[in-house]
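Shown next, in structure tokens, is the structure this report addresses.
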Amino acid sequence: MTECLFCKIIGGEVPSMTIYSDDDVVAIEDINPQAPTHVLVLPRKHIPTTLDIGDDDLELMGRCLAASNHIAREKGIDGSGFRIVLNSGADAGQSVHHIHFHLIGGRPMMWPPG
11 MTECLFCKII GGEVPSMTIY SDDDVVAIED INPQAPTHVL VLPRKHIPTT LDIGDDDLEL
71 MGRCLAASNH IAREKGIDGS GFRIVLNSGA DAGQSVHHIH FHLIGGRPMM WPPG
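Everything in the sequence shown is counted per our numbering, starting at 11 for the first residue and increasing by one.
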């Protein structure tokens, strides 16, 4: 997936503010933050949308959520609360077709979103 921006970030071809990395997951600061804490949690494996998650990806999705929780604790938003957003498709706001979790916190969230 040489055209994928997030694959290029994960591969080190495009600079980013990486705040977490392990064998399966990379987390970066969002370049257009919507809250004091806005982190993108990316699986290293290229999966375009939630509709492309296969049975063999379920453990990886759990690792993304575990990384999100770890980062929330490190950022100090675990006590006040945070939101994990996963957009799928253009109408949901997905602009990069590499599945990614938005970890957002540090301010009150409104409902409904969007």
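C-beta: ideal position from N, C-alpha, C; glycine also.
Using alpha carbons as the reference points, say which of the options lies closest to residue i.
i, options, result
"Phe-111", "Asp-66, Gly-22, Asp-33 and Asn-79", "Asn-79"
"Gln-44", "Pro-122, Ile-114, Pro-123 and Trp-121", "Ile-114"
"Leu-52", "Asp-101, Ser-31, Asp-66 and Asn-42", "Ser-31"
"Glu-13", "Pro-46, Asp-33, Val-35 and Pro-58", "Pro-58"
"Ile-154", "His-108, Met-120 and Met-119", "Lying before the first or after the last residue shown, residue 154 is absent from the chain, which here runs from 11 to 124."
"Asp-33", "Met-71, Arg-54 and Glu-84", "Arg-54"
"Arg-93", "Ile-29, His-56 and Met-120", "Met-120"
"Asn-97", "His-56, Gly-21 and Leu-61", "Leu-61"
What does a CB cutoff of less than 8 angstroms around residue i pick up in its chain, not counting 5 residues either side in sequence?
i, result
"Asp-88", "Asn-79 and Ala-82"
"Pro-46", "Gly-115, Gly-116 and Arg-117"
Taking buried to mean at least 16 other C-beta atoms within 10 Å of its own C-beta, is residue i buried or exposed?
i, result
"Ser-105", "exposed"
"Ala-77", "buried"
"Val-36", "buried"
"Ser-90", "exposed"
Can you check whether the CB of residue j is closer than 8 angstroms to the CB of residue i?
i, j, result
"Val-49", "Ile-38", "yes"
Residues in the same chain with beta-carbon distance under 7 angstroms from residue i, minus the five sequence neighbours each way, listed in chain order, please.
i, result
"Pro-122", "none"
Which residues in the same chain have their Cβ closer than 6 angstroms to the Cβ of residue i, if we skip the five residues on either side of it in sequence?
i, result
"Ser-26", "Ile-19 and Ile-38"
Would the segment 13 to 23 count as touching the segment 62 to 75 if we require 3 or more Cβ pairs under 8 angstroms? no
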